[in-house]
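Numbering (the working numbering) for the sequence shown: 173 to 341. Okay, so here's the structure we're looking at.
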Amino acid sequence: MNMEAMHSISFIGMAGCGKSTLGKAVSEKSNLNFIDTDFLIENDFNCSLEDIKKKHGYMFVRSQEEKVILSLDSSSDVISTGGSSVYSEKSMMHLKTFSKVIYIKTPLNTIIKRIDVGQERGLAVPDGLSIQEVYSEREPLYDNHSQFILNGSKSIDELVELVNQIIHD
Numbered sequence: 173m174n175m176e177a178m179h180s181i182s183f184i185g186m187a188g189c190g191k192s193t194l195g196k197a198v199s200e201k202s203n204l205n206f207i208d209t210d211f212l213i214e215n216d217f218n219c220s221l222e223d224i225k226k227k228h229g230y231m232f233v234r235s236q237e238e239k240v241i242l243s244l245d246s247s248s249d250v251i252s253t254g255g256s257s258v259y260s261e262k263s264m265m266h267l268k269t270f271s272k273v274i275y276i277k278t279p280l281n282t283i284i285k286r287i288d289v290g291q292e293r294g295l296a297v298p299d300g301l302s303i304q305e306v307y308s309e310r311e312p313l314y315d316n317h318s319q320f321i322l323n324g325s326k327s328i329d330e331l332v333e334l335v336n337q338i339i340h341d
């Protein structure tokens, strides 16, 4: 596959919507490099996002996310962003300069099942906010910043196929 003929792709969406899973599957199938911005932040600090959030606060996590995204360019083929990346207008505009931004829209009940309400995911939100509240707050942002929307309820194989169509458009 000729990367020159296409842009990179970036996945946005809630924690648990499938950004990393789909990103890995697409990169393996198409032999592209895969970057997970959450993983890059965890590597920089040598601890989990949850620990970073506990130590420095959720706004710090968001600022690190923006810093990481702004450091990316078209050499990054498949990018999985953190769920709160959409709070940064700068990050979203930057991603659109070299990638197609794809929102994996996954029903709230599926997300809750996948991330298990008690699970510590390092959500970059104020303490005490429920997953439902975060979902309601972010959904319009994901809709607004995405160029393509995929149904996160579909199987990984179906989603990989849809992403391949987007890549080759």
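Every residue, glycine too, gets a C-beta built ideally from N, C-alpha and C. All values reported here derive from a predicted model rather than from experimental measurement.
Opposite residue i in the DSSP bridges: which residues?
| i | result |
| --- | --- |
| V273 | S182 |
| D113 | The displayed coordinates of the chain run from 173 to 341. Any statement about residue 113 would go beyond what the structure contains. |
Helix, strand or coil for residue i, going by three-state DSSP, please let me know.
| i | result |
| --- | --- |
| D315 | helix |
| S252 | strand |
| N323 | strand |
| V258 | helix |
| H266 | helix |
| L344 | Residue 344 is absent from the structure shown; the chain starts at 173 and stops at 341. |
| V297 | coil |
| T278 | coil |
| D329 | helix |
| S247 | coil |
| S308 | helix |
Within the same chain, show all residues whose beta-carbon is closer than 7 Å to that of residue i, passing over the 5 residues directly before and after it, in chain order.
| i | result |
| --- | --- |
| N323 | K277 |
| C189 | I276, T278, I283 and G324 |
| P298 | Y230 |
Which residues in the same chain as residue i place their Cβ atom closer than 6 Å to its Cβ, once the five residues preceding and following it in sequence are excluded?
| i | result |
| --- | --- |
| F217 | I224 |
| D321 | Residue identity differs from the one stated: residue 321 is Ile in this sequence, not Asp. Taken in chain order, the residues that qualify are Y275 and K277. |
| G255 | M186 and A187 |
| I251 | S182 and I207 |
| L280 | Y307 |
| D249 | S180, L204 and N205 |
Excluding the 5 residues preceding and the 5 following residue i in the sequence, name in chain order all residues of the same chain whose CB lies nearer than 8 Å to its CB.
| i | result |
| --- | --- |
| H179 | S246, F270, S271 and K272 |
**Asked** Three or more C-beta pairs closer than 8 Å, one from the stretch 202-214 and one from the stretch 295-307: is that the case here?
**Response** Too few Cβ pairs lie closer than 8 Å, so no.
**Message:** Three Cβ pairs or more, each shorter than 8 Å: is that satisfied between the stretch 324-333 and the stretch 192-200?
**Reply:** Result yes; three or more Cβ-Cβ pairs closer than 8 Å.
**Request:** Would you mind listing the beta strand (DSSP E) stretches within the stretch 187-238 that are 3+ residues and don't spill past its ends, in chain order?
**Result:** 206-208
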